[in-house]
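Trainee:
There are 4 protein chains.
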Amino acid sequence: MTKKIVLAYSGGLDTSVAIPWLKDKGYDEIIAVCLNVGQPGTDMDFIQKKALEVGASESYAIDAQDEFADKYVAPVIKSNALYEGDYPLVSALSRPLIIDHLVKIAHDHGATAIAHGSTGKGNDQVRFEAAIHALDPDLEIEAPIRDFHWSREEEIDYAKEHNVPVPIGKKSPYSIDCNLWGRANEAGILENPWNQAPDDAWGMSVSPEEAPDEPVFLDLTFEKGLPVAIDGTPMPLATLIKNLNKVAGDNGIGRIDKIENRMVGIKSREVYEAPGAAVIMTAHHELENLTLERDIAHYKPLIEQQITSMIYEAKWITPLFDALMAFVDETQKNVNGVVKMKLYKGNVTAVARKSPNSLYDENLATYTSADSFDQEAAAGFIKLWTLPATVYEQVNHVHSQAKDKVNND
Amino acid sequence: MTKKIVLAYSGGLDTSVAIPWLKDKGYDEIIAVCLNVGQPGTDMDFIQKKALEVGASESYAIDAQDEFADKYVAPVIKSNALYEGDYPLVSALSRPLIIDHLVKIAHDHGATAIAHGSTGKGNDQVRFEAAIHALDPDLEIEAPIRDFHWSREEEIDYAKEHNVPVPIGKKSPYSIDCNLWGRANEAGILENPWNQAPDDAWGMSVSPEEAPDEPVFLDLTFEKGLPVAIDGTPMPLATLIKNLNKVAGDNGIGRIDKIENRMVGIKSREVYEAPGAAVIMTAHHELENLTLERDIAHYKPLIEQQITSMIYEAKWITPLFDALMAFVDETQKNVNGVVKMKLYKGNVTAVARKSPNSLYDENLATYTSADSFDQEAAAGFIKLWTLPATVYEQVNHVHSQAKDKVNND
Amino acid sequence: MTKKIVLAYSGGLDTSVAIPWLKDKGYDEIIAVCLNVGQPGTDMDFIQKKALEVGASESYAIDAQDEFADKYVAPVIKSNALYEGDYPLVSALSRPLIIDHLVKIAHDHGATAIAHGSTGKGNDQVRFEAAIHALDPDLEIEAPIRDFHWSREEEIDYAKEHNVPVPIGKKSPYSIDCNLWGRANEAGILENPWNQAPDDAWGMSVSPEEAPDEPVFLDLTFEKGLPVAIDGTPMPLATLIKNLNKVAGDNGIGRIDKIENRMVGIKSREVYEAPGAAVIMTAHHELENLTLERDIAHYKPLIEQQITSMIYEAKWITPLFDALMAFVDETQKNVNGVVKMKLYKGNVTAVARKSPNSLYDENLATYTSADSFDQEAAAGFIKLWTLPATVYEQVNHVHSQAKDKVNND
Amino acid sequence: MTKKIVLAYSGGLDTSVAIPWLKDKGYDEIIAVCLNVGQPGTDMDFIQKKALEVGASESYAIDAQDEFADKYVAPVIKSNALYEGDYPLVSALSRPLIIDHLVKIAHDHGATAIAHGSTGKGNDQVRFEAAIHALDPDLEIEAPIRDFHWSREEEIDYAKEHNVPVPIGKKSPYSIDCNLWGRANEAGILENPWNQAPDDAWGMSVSPEEAPDEPVFLDLTFEKGLPVAIDGTPMPLATLIKNLNKVAGDNGIGRIDKIENRMVGIKSREVYEAPGAAVIMTAHHELENLTLERDIAHYKPLIEQQITSMIYEAKWITPLFDALMAFVDETQKNVNGVVKMKLYKGNVTAVARKSPNSLYDENLATYTSADSFDQEAAAGFIKLWTLPATVYEQVNHVHSQAKDKVNND
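Chains as they are written, first to last, in the numbering used here: chain C, 49 to 457; chain H, 49 to 457; chain W, 49 to 457; chain D, 49 to 457.
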């Protein structure tokens with residue numbers, strides 16, 4: 049029986065070398081699959097052909113940009129998902145999408161295994177394999193890069209022996225992953241957290257210093273928690289994000305430089321860029337400030353933190369993630385409106401906002417005579433609001449001892 | 049028996065008018081108390097004298113800046129307390145401090161009541177009265193502004209009749225509160241959330257556009273979670289905050305413009321400035337990224353959100369707040385180190401960080417050959433990490449139906 | 049214009065006296081509405097007529113038992129909602145249902161107000177009024193009992209003057225509320241928490257001592273988280289609960305005696321009975337143990353606690369409650385199966401359980417040779433699971449100082 | 049150099065066979081250590097000698113009962129720690145204590161490794177190894193049982209070859225772990241969750257049917273959240289628990305039969321007994337109902353759930369656990385008082401409670417004329433409490449559509 053495997057193929061050296069390596073390991077047919085999730089500068093035709101040239105039996109190049117935006121980025125926006133408060137989850141989003149396609153292709157071709165190109169100390173191996181287990185636990189998994197145990201030189205030698213083209217010039221000191229939602233960069237000089245990130249660490253944005261001296265204003269329209277138009281022009285989410293990446297990146301927006309906890313238990317130093325995400329998520333948060341009822345506004349962050357952790361920690365395809373998203377979707381029904389954003393030299397700010405579902409009521413909030421708020425109600429409210437702690441103090445005198453002392457004098 | 053009341057006195061029209069008003073209401077002696085919590089441009093001598101001039105029997109002016117920073121701001125820093133993710137809790141912090149002094153003075157003088165100058169639709173009335181209830185529930189409370197039911201004209205007439213000086217010129221359209229930790233501004237044109245905040249709404253900072261064209265770098269040193277030195281120069285917390293307010297305000301940093309949920313149940317539009325807070329809290333968060341163990345890093349935000357809500361919602365003097373701070377203090381023991389901050393035209397960024405308690409281990413994180421991480425362990429980890437969701441899919445086929453369909457073909 | 053009001057009518061003295069009292073207050077027509085939510089021994093015809101006799105212009109008696117069970121009790125079951133870990137929320141459930149009917153009747157009749165019979169220190173006033181505000185904030189609210197300020201004697205005198213029948217004999221020392229989900233009792237001798245609840249405090253159950261000497265076994269079948277059959281016999285939820293109330297009450301099951309935090313800020317001592325609830329909720333929890341994936345099993349209790357608080361605290365008709373229930377409903381899709389319950393002298397125990405969606409896998413769990421679990425994976429798992437805390441100890445030596453001391457000797 | 053290892057020794061076949069096996073693996077000296085943590089029927093002298101007889105170079109028998117109760121059980125009581133709501137964490141507690149002793153002994157003897165007797169599919173391997181990593185990550189770990197890959201017959205043959213005494217008669221079908229806090233039992237017939245637990249599965253309690261026909265009452269006194277006396281007689285915690293195990297076990301109390309989520313990712317069926325724990329934890333919860341301020345009472349369960357998970361999941365020696373316990377300890381300062389417990393045929397009930405720190409205030413709670421609660425305050429409270437959801441409905445009409453429809457008719 050022909051032994052077939054589906055390989056998540058990027059076109060780079062590692063996954064190219066994996067093709068002969070998997071053949072050596074006994075696979076008869078390697079089906080290479082490359083997905084376009086908006087990584088810039090990717091020539092999908094070239095990648096598709098290269099896979100065949102280095103030995104793949106079949107090669108797929110799939111444009112999954114809209115699917116990526118609508119199914120994988122959208123939950124992040126609705127959930128204000130920022131890992132450890134900072135990072136809008138770039139790489140973690142594409143992994144379950146890639147596996148979804150690979151498993152379908154494996155089933156179509158009767159392949160019994162899937163191969164991915166992750167190392168053994170990062171998060172992505174977990175995300176790839178978690179998705180495979182969830183979608184078909186009978187599929188075997190190959191992780192050639194994790195198993196190579198090769199030095200760079202050995203890998204190049206092996207590539208040359210197997211007619212795999214070797215890139216000319218010095219290898220980039222960085223390890224980069226990119227999609228339309230952002231760009232992640234680590235390794236090299238960044239590994240010392242006291243080193244400032246050098247200019248060549250960035251790829252989607254100029255520095256605030258290099259940005260124009262005049263601010264850009266734009267109106268972002270949301271429907272049910274998702275951005276649907278820029279300055280009134282409707283467009284698909286993927287297009288909208290790419291447009292914002294351009295204008296926000298040009299204005300020095302979206303750079304993140306942080307120490308982060310990986311799910312495999314170590315800390316790493318990461319340099320991210322997500323210009324469009326910075327604009328969208330700032331606007332979404334402020335529109336929620338206007339449209340979410342208070343109890344939801346105060347409870348949703350707990351749910352958001354769980355969602356964020358689960359996305360980061362490879363738990364996208366789980367029943368808990370589904371249930372959490374059912375919560376979030378319910379909260380977004382009335383998150384409609386327009387937020388005016390100002391972009392200026394690294395700053396992204398919501399400067400005005402309006403909504404047909406606005407819960408801001410000028411008549412309740414105002415200090416003018418148009419006031420409809422019942423100020424008398426406040427006194428009663430305060431009495432009951434503070435009653436439990438008041439009784440506690442009366443009984444236990446934790447903070448009110450000073451008085452007793454004075455009284456005893 | 050002489051009926052005495054202690055009044056939280058600001059020197060402004062409202063609390064000045066309150067003095068004759070309280071006399072009218074039957075109080076024999078009004079003891080005015082004004083605290084300096086770092087509000088800029090405050091002439092404490094003038095305020096102390098003015099209280100006596102408009103009828104107070106005694107008048108205190110107390111410099112509480114260090115106490116404010118050390119006891120009230122410090123927990124905010126250690127807790128990364130940002131209300132609704134945005135606002136570092138300016139006014140909420142000074143209320144319990146003010147009441148703490150007022151209650152002590154009431155006890156010293158045998159006063160039976162305390163008066164504050166809050167309106168009936170804001171948060172501060174709750175914070176004042178919650179603190180009074182907690183520290184001495186037997187004290188009566190007067191809230192003259194809440195009870196006035198006067199128009200501006202009626203208040204001015206009453207002031208004139210009672211020899212209370214009336215400020216010349218148009219009243220500010222804004223309602224402002226300020227202390228060394230920041231400045232809060234609301235009302236006026238800000239009440240329409242689609243209006244952009246005009247230049248005159250701001251008081252502690254220049255706009256990013258007006259800031260210098262060259263960045264400022266500074267090293268902030270922390271011990272046990274609190275900043276103790278700038279560029280190696282140690283200083284008390286109050287001084288450090290005021291120094292940072294100056295340099296960060298001059299660089300356009302710390303402006304916040306948001307719709308917020310008040311505790312009395314309405315939304316309001318607020319414009320805050322907290323330049324020093326922006327620098328300190330950004331640095332503190334990044335130092336925690338470097339020094340907090342992962343489980344703490346991921347759990348502490350839940351505690352922080354509760355602390356933040358409780359500070360905002362007038363629950364400073366409660367046993368739950370004490371217990372939550374016991375948690376936080378325990379986490380800060382090893383939050384020591386230096387964070388290099390870049391200040392540039394509204395941007396405040398941590399660009400480098402180091403710590404004797406750093407948990408970032410270059411040998412574990414590196415991709416070079418110095419690697420001490422056991423990559424083999426990952427495969428076992430992934431298997432057990434994903435087992436529950438894998439079994440769930442095997443039994444319930446929520447996400448893996450596609451395969452079955454294909455197989456059935 | 050005729051001024052009409054809809055009154056939540058129970059047939060008792062308080063709400064009967066309310067009818068003439070509301071007339072005195074200027075209402076032309078009082079529309080009395082009594083709902084049957086399963087309170088035992090209620091003669092709905094008698095109540096309906098009595099309202100007319102004491103002056104109501106119209107009187108409705110509505111059997112709402114199925115609606116109560118299906119819409120208000122079902123969420124409690126699916127959420128394992130036990131207030132403060134103990135109490136399955138009896139009275140809190142009927143209030144929003146009652147108001148839902150009253151508001152509809154008010155709209156049908158053009159009434160402008162609703163009256164309820166709660167006192168000013170309990171929870172129910174909040175639940176009634178919260179529901180009114182949510183469903184129609186324009187409706188005015190009358191709370192005659194809260195406003196009476198009458199002694200018992202004055203109330204009786206007023207009743208006699210207005211031809212309201214006065215119950216013969218001594219008033220019950222207790223304050224009781226009852227529906228098909230349970231019975232709440234407070235006041236009287238129970239107000240001293242050191243007093244044991246006397247026999248006459250109970251009304252739906254025998255004591256464990258009085259229960260039969262032989263256990264009863266029954267199989268409870270669940271579909272999507274709700275019980276649908278007893279011993280294989282399908283029945284509507286309301287009927288199922290009432291059947292279980294009988295058999296479990298006869299076996300001494302479902303008594304709760306506790307100190308509880310009321311939402312108005314005081315503690316009270318409550319004595320509850322909920323025999324059927326005890327059986328259903330014990331069985332549901334154990335069925336979830338069998339069918340919920342681990343992450344859901346460990347996260348859902350946080351959601352449940354929030355739901356429970358919100359039901360207790362009058363937040364049934366809120367967007368957060370809807371979003372939380374969207375989460376819960378999503379989790380219940382596969383909570384199907386049968387739990388064998390043993391009822392014996394106060395004990396209710398799940399003794400066996402089975403499910404088509406069982407995630408218990410004998411091949412994974414077994415210690416026999418049929419074992420399919422990969423024991424090798426455990427070592428890798430443990431390494432990564434413990435890595436963050438291990439590094440923390442290596443750097444900070446919080447718990448591992450002993451070794452260093454020994455080594456230094 | 050002599051290669052030494054410290055072995056966690058129980059006296060049973062598995063850890064006895066481990067001694068020659070470790071010698072075969074190259075260890076020169078095996079230091080056996082057995083701790084008495086209250087497991088009943090343990091002859092510590094016999095065990096100590098047996099280790100030497102089967103080849104250990106040294107053998108320690110340590111009575112750690114008080115240490116176990118005071119340092120490991122006490123946090124469980126203060127935290128109301130019940131895993132998945134049911135199980136008071138028996139085995140999870142003794143593992144870090146055992147390792148603490150083993151690591152000290154390893155350091156004293158210059159041993160470089162520690163061996164434990166856990167299998168590869170249970171929780172205890174993780175708990176043992178997590179504690180070793182935390183206390184000294186340089187120590188190597190041996191897990192002979194996990195590595196044996198032997199059938200029962202092969203193990204017996206190996207034992208006979210190496211002069212390890214083989215128990216006569218059939219092996220127990222169960223896998224049992226026991227200490228003074230309770231008893232855990234799994235495997236055998238219990239592995240089918242539809243099988244009822246047979247009589248021989250239990251070891252610390254009679255069935256409710258076999259228990260006496262008369263109830264037992266006892267007063268349990270607490271100080272700072274821990275039980276210190278029974279019926280007024282003070283005693284150390286370990287003694288108190290053992291006394292309660294006897295009386296509660298004799299009354300059929302403390303049996304738990306449940307499906308549980310193991311941390312290695314599988315579900316298992318467990319049968320526990322914890323008679324003393326059932327009495328103490330029921331009493332502690334009710335005393336907290338009386339003495340905890342409401343906000344603490346409602347927040348602490350979230351902390352408790354995290355503590356419980358961390359104990360179960362091998363995270364005892366972590367900075368997060370320390371911080372969570374700092375929270376809990378702060379809450380227990382005023383948890384003082386007496387709870388009267390009734391024990392009867394499997395039921396354990398708090399029937400009365402009193403405390404010098406009681407927050408139950410009869411004057412606030414009463415319905416009699418002694419009432420000091422301000423009923424007027426309620427109306428104001430309700431208005432502000434419900435305002436956010438009311439405005440939400442006014443804007444979005446999620447639940448109030450019925451009215452509009454009616455009005456449109």
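For each residue, glycine too, the CB sits at the ideal point set by N, CA and C.
Distance check for F116/D and L338/D, CA to CA, integer angstroms please.
Mentor: Numbered from 1 along the fourth sequence, position 290 holds the residue referred to as residue 338/D. Numbered from 1 along the fourth sequence, position 68 holds the residue referred to as residue 116/D. Approximately 28 Å between the Cα atoms of the pair.
Trainee: Return no unless some Cβ of chain D is closer than 8 Å to the Cβ of S448/W.
Mentor: Position 400 of the third sequence, counted from the start, is the residue given in the question as residue 448/W. With 8 Å as the cut-off, S448/W counts as an interface residue toward chain D.
Trainee: Between R231/D and P88/D, what straight-line distance do the alpha-carbon atoms span, to the nearest angstrom?
Mentor: Indexing the fourth sequence from 1 puts residue 231/D at position 183. Indexing the fourth sequence from 1 puts residue 88/D at position 40. Going from the Cα of R231/D to the Cα of P88/D covers about 10 Å.
Trainee: Excluding the 5 residues flanking S253/D on each side, which residues of the same chain have their C-beta closer than 7 Å to its C-beta?
Mentor: Walking along the fourth sequence from the start, residue 253/D turns up at place 205. Taken in chain order, the residues that qualify are G297, G300, I301, G302, R303, E321, P323.
Trainee: Taking 8 Å as the CB-CB cut-off, is E338/C touching chain H?
Mentor: Along the first sequence, read from residue 1 onward, the residue named residue 338/C stands at position 290. Looking at the sequence shown, residue 338/C is not Glu but Leu. Yes, L338/C counts as interfacial toward chain H.
Trainee: Which residue marks the beginning of the alpha helix (DSSP H) containing D72/H, and which one marks its end?
Mentor: For this step, residue 72/H is matched to residue 24 along the second sequence. Looking at the DSSP string, the run of the alpha helix (DSSP H) that includes D72/H is 61-72.
Trainee: Which one or two residues does DSSP pair with D267/W in a beta bridge?
Mentor: Taking the third sequence and counting its residues from 1, one reaches residue 267/W at position 219. According to DSSP, which records beta bridges pairwise, D267/W is partnered with K388/W.
Trainee: Can you look up L228/C in the DSSP assignment and give me helix, strand or coil?
Mentor: As a first step, residue 228/C is located in the first sequence; it is residue number 180 there, counting from the start. Of the three classes helix, strand and coil, the one that applies to L228/C here is coil, per DSSP.
Trainee: May I have a chain-ordered list of the alpha helix (DSSP H) segments no shorter than 4 residues that lie completely inside the stretch 167-247 of chain H?
Mentor: 172-183, 192-196, 200-209
Trainee: Would you say V443/W lies against chain H (beta-carbon separation less than 8 Å)?
Mentor: In the third sequence, the residue the question calls residue 443/W occupies position 395. At a cut-off of 8 Å between beta carbons, V443/W contacts chain H.
Trainee: Let's see if you can read the secondary structure: which residues bound the beta strand (DSSP E) around D111/W?
Mentor: Looking up residue 111/W in the third sequence gives position 63. Its beta strand (DSSP E) spans residues 106-111.
Trainee: So with Cβ pairs under 8 Å, would you call P323/W a contact of chain H?
Mentor: Translated into positions along the third sequence, residue 323/W becomes position 275. The beta-carbon of P323/W is placed no less than 8 Å from the nearest beta-carbon of chain H.
Trainee: Determine the chain D residues that contact V439/C at a beta-carbon separation under 7 Å, and present them in chain order.
Mentor: The residue given as residue 439/C occupies position 391 in the first sequence. Within 7 Å of the CB of V439/C, the CB atoms of chain D belong to L407, D409, in sequence order along the chain.
Trainee: For V121/W, which beta-bridge partners are listed by DSSP?
Mentor: Numbered from 1 along the third sequence, position 73 holds the residue referred to as residue 121/W. DSSP output for V121/W lists no bridge partner at all.
Trainee: Please report the straight-line C-alpha distance between K52/D and K71/C, rounded to a whole angstrom.
Mentor: Position 4 of the fourth sequence, counted from the first residue, corresponds to residue 52/D. Position 23 of the first sequence, counted from the first residue, corresponds to residue 71/C. So the two alpha carbons sit approximately 46 Å from each other.
Trainee: For N240/D, decide whether its Cβ has a neighbour in chain W, counting only Cβ atoms nearer than 8 Å.
Mentor: For the purposes of this step, residue 240/D is identified with residue 192 of the fourth sequence, where counting begins at 1. Yes, contact with chain W.
Trainee: Would you kindly report the start and end of the unbroken alpha helix (DSSP H) that includes S139/H?
Mentor: As a working mapping, residue 139/H is identified with position 91 in the second sequence. Run containing S139/H: 139-157, per the alpha helix (DSSP H) assignment.
Trainee: What does the alpha-carbon distance come out to for the pair K97/C and L391/C?
Mentor: Stepping through the first sequence from its first residue, residue 97/C is reached at position 49. Stepping through the first sequence from its first residue, residue 391/C is reached at position 343. Distance between the alpha carbons of K97/C and L391/C is about 41 Å.
Trainee: Between Q244/H and V399/C, is the Cβ-Cβ spacing less than 8 Å?
Mentor: Walking along the second sequence from the start, residue 244/H turns up at place 196. Walking along the first sequence from the start, residue 399/C turns up at place 351. Yes.
Trainee: What is the DSSP secondary structure of N84/D, reduced to helix, strand or coil?
Mentor: For the purposes of this step, residue 84/D is taken as the residue at position 36 of the fourth sequence. Three-state DSSP puts N84/D in a strand.
Trainee: Check the Cβ-Cβ distances between I355/C and every residue of chain H, and say whether any is below 8 Å.
Mentor: For the purposes of this step, residue 355/C is identified with residue 307 of the first sequence, where counting begins at 1. Not one chain H Cβ lies under 8 Å of I355/C.
Trainee: Just how far apart, CA to CA, sit A112/H and R143/H?
Mentor: Taking the second sequence and counting its residues from 1, the one referred to as residue 112/H is at position 64. Taking the second sequence and counting its residues from 1, the one referred to as residue 143/H is at position 95. Approximately 12 Å between the Cα atoms of the pair.
Trainee: So which residues of chain C does R342/D contact, with C-beta pairs closer than 7 Å?
Mentor: As a position in the fourth sequence, residue 342/D is number 294, starting the count at 1. What R342/D touches in chain C: P436.
Trainee: Would you mind giving the Cβ-Cβ distance between P284/W and D114/W, rounded to the nearest angstrom? I have them listed as a contact below 8 Å.
Mentor: Looking up residue 284/W in the third sequence gives position 236. Looking up residue 114/W in the third sequence gives position 66. About 6 Å separates the CB atoms of P284/W and D114/W; that is less than 8 Å, so the two are in contact.
Trainee: Would you verify that the beta carbon of D305/D is, or is not, closer than 8 Å to some beta carbon of chain W?
Mentor: Counting from 1 along the fourth sequence, the entry for residue 305/D is found at position 257. Yes, contact with chain W.
Trainee: Just to make sure I have the definition right: I need the residues of chain D whose C-beta is within less than 9 Å of the C-beta of E271/C. Which are they?
Mentor: For the purposes of this step, residue 271/C is taken as the residue at position 223 of the first sequence. The contacting residues do not exist; E271/C stays about 15 Å from chain D at best.
Trainee: Could you tell me whether any Cβ in chain C is nearer than 8 Å to the Cβ of A259/D?
Mentor: Taking the first residue of the fourth sequence as position 1, residue 259/D is located at position 211. At a cut-off of 8 Å, the C-beta of A259/D has no neighbouring C-beta in chain C.
Trainee: Consider the Cβ of N384/W: report whether some Cβ of chain H lies at a distance smaller than 8 Å.
Mentor: Counted from its first residue, the third sequence places residue 384/W at position 336. With 8 Å as the cut-off, N384/W does not count as an interface residue toward chain H.
Trainee: In whole angstroms, what is the alpha-carbon distance linking R317/H and V264/C?
Mentor: Numbered from its first residue, the second sequence carries residue 317/H at position 269. Numbered from its first residue, the first sequence carries residue 264/C at position 216. If you take the alpha carbons of R317/H and V264/C, they lie about 23 Å apart.
Trainee: In chain order, what residues of the same chain have a beta carbon less than 6 Å from the beta carbon of G168/W, not counting five sequence neighbours either side?
Mentor: Taking the third sequence and counting its residues from 1, the one referred to as residue 168/W is at position 120. So the qualifying residues of the chain are R194.
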